[in-house]
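K.L.:
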Amino acid sequence: IMYYNVSMRLWKNLLEKERANTSRLNDGKLCHLLCNVANLMIKQGNYQSAEELYKEIIAIAEKDTADNFEIIELGARGNNAMGNIRYEDRSFTEAIQYYETALELRKKNHQVNKKKRRNR
Numbered sequence: 001i002m003y004y005n006v007s008m009r010l011w012k013n014l015l016e017k018e019r020a021n022t023s024r025l026n027d028g029k030l031c032h033l034l035c036n037v038a039n040l041m042i043k044q045g046n047y048q049s050a051e052e053l054y055k056e057i058i059a060i061a062e063k064d065t066a067d068n069f070e071i072i073e074l075g076a077r078g079n080n081a082m083g084n085i086r087y088e089d090r091s092f093t094e095a096i097q098y099y100e101t102a103l104e105l106r107k108k109n110h111q112v113n114k115k116k117r118r119n120r
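For the sequence shown, full-length UniProt numbering assigns the number 1 to the initial residue and increments by one for each residue that follows.
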């Protein structure tokens, strides 16, 4: 537990710094930080706070119009994690919706990667 607490403090510190530095805010980096903090929250049993962060990742991914591989993947991870949370809550219909969205994002990412490889 001590290691989770130390990790949480470090990740939250990095997240605060990234949020404060709006002049160079990088959505991919922000999503990575949000995901790491949310994953630690899940390990600590803090599902409600983790859910808020996963939803923030999903919102960023939904706004991404640049077909950014990293953001699409993190959006898929956020949806998958939300599916897991809903599954644990026994909200199976919602869980399936999140899982299906995660799958669609991963398919989209596959297409983005194929296109980028062809354009090299």
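Built from N, CA and C at the ideal position, the CB exists for glycine as well.
1. Once you ignore the five residues that flank residue 81 on each side, which residues in its own chain have a CB closer than 6 Å to its CB?
2. Residue 109 and residue 76 - do their beta-carbons sit closer together than 8 Å?
3. Using 8 Å for Cβ pairs, my map puts residue 78 next to residue 57. What's the rounded Cβ distance?
4. For residue 70 and residue 37, I'd like the C-alpha separation in whole angstroms.
5. Is the beta carbon of residue 28 less than 8 Å from the beta carbon of residue 84?
6. DSSP three-state call for residue 93: helix, strand or coil?
7. Which value, in whole angstroms, describes the spacing of the CA atoms of residue 8 and residue 43?
8. Go through the segment 10 to 71 residue by residue and report every complete run of the alpha helix (DSSP H) that reaches 4 residues or more, in order.
9. For residue 32, which residues from the same chain have a beta carbon less than 7 Å from its beta carbon, with the 5 sequence-adjacent residues on both sides left out?
P.N.:
A quick look at the data gives this:
1. 54
2. yes
3. 4 Å
4. 17 Å
5. no
6. helix
7. 11 Å
8. 27 to 43 and 47 to 63
9. 74
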